[in-house]
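Participant:
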Amino acid sequence: MEARPDRPLPRTPAGDVVSGEPTEPGRWRLEVTTDCVGSGMCVMTARRYFHLVDGYSRPRHDEVEPDDNVVAAAELCPMSAVRVFDADTSVEVAPLVTGDP
Numbered sequence: 006m007e008a009r010p011d012r013p014l015p016r017t018p019a020g021d022v023v024s025g026e027p028t029e030p031g032r033w034r035l036e037v038t039t040d041c042v043g044s045g046m047c048v049m050t051a052r053r054y055f056h057l058v059d060g061y062s063r064p065r066h067d068e069v070e071p072d073d074n075v076v077a078a079a080e081l082c083p084m085s086a087v088r089v090f091d092a093d094t095s096v097e098v099a100p101l102v103t104g105d106p
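In this text, residue positions in the sequence shown follow my numbering: the first is 6, and each later residue adds one.
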């Protein structure tokens, strides 16, 4: 038998949990390093965010709204040249770095 609450579970409050102030949705900062070899994987994966300039990838905008396609572009880059950072904290969002097995 599965336990079910009598009422809906509370949702996580919107905004800063400590102050209760509303927060803006996070934005991401995009970067393409000099390691880019122009494979075009990022353009094929996230054309809205990347384009080729003189044979190398460049972000179309410095900051963007979070999007799974941007993460996929970073993860698929064969040179790991596409980097995605939280615009506020500069914490790297993608590509994900995994340790040795």
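Virtual Cβ for every residue (Gly too), placed ideally from N, Cα, C.
All figures in this text were calculated on a predicted structure; none of them were measured in a lab.
Are E38 and A86 touching if we call contact CB-CB under 7 Å?
Facilitator: The sequence position of residue 38 within the sequence shown is 33, counting from 1. The sequence position of residue 86 within the sequence shown is 81, counting from 1. Correcting the residue identity first, residue 38 is Thr in this sequence and not Glu. Yes, the pair counts as a contact, with Cβ atoms nearer than the cut-off.
Participant: Going by other Cβ atoms of all chains shown within 10 Å of its Cβ, with 16 needed for buried, is S62 buried or exposed?
Facilitator: Numbered from 1 along the sequence shown, position 57 holds the residue referred to as residue 62. Result: buried.
Participant: Compare the C-alpha of S44 against each of D93, L81, V96 and P100 and name the closest.
Facilitator: The residue given as residue 44 occupies position 39 in the sequence shown. Looking at the Cα atoms, L81 is the closest of the given residues.
Participant: Look up P27 in the DSSP assignment and say whether it is helix, strand or coil.
Facilitator: Counted from its first residue, the sequence shown places residue 27 at position 22. At P27, the pLDDT of 46 sits below 50, so the modelled position is not reliable and the matter cannot be decided from this model.
Participant: Hey, how far is the Cα of C47 from the Cα of D67?
Facilitator: Locating residue 47 in the sequence shown gives position 42, counting from the first residue. Locating residue 67 in the sequence shown gives position 62, counting from the first residue. Taking the straight line from one Cα to the other gives about 15 Å.
Participant: Hey, how far is the Cα of P83 from the Cα of V42?
Facilitator: Numbered from 1 along the sequence shown, position 78 holds the residue referred to as residue 83. Numbered from 1 along the sequence shown, position 37 holds the residue referred to as residue 42. Those two C-alpha atoms are separated by around 9 Å.
Participant: Within this structure, are the beta carbons of V89 and V98 separated by less than 7 Å?
Facilitator: For this step, residue 89 is matched to residue 84 along the sequence shown. For this step, residue 98 is matched to residue 93 along the sequence shown. Yes, they are a contact pair.
Participant: Which of the three DSSP states is assigned to A79 in this structure?
Facilitator: Against the sequence shown, residue 79 aligns to sequence position 74. It is helical.
Participant: Kindly indicate which residue of P100, A79, V75 and P71 has the alpha-carbon position closest to the one of R32.
Facilitator: Here residue 32 refers to the residue found at position 27 when the sequence shown is read from its first residue. For the residues P100, A79, V75 and P71, the minimum Cα distance to R32 belongs to P71.
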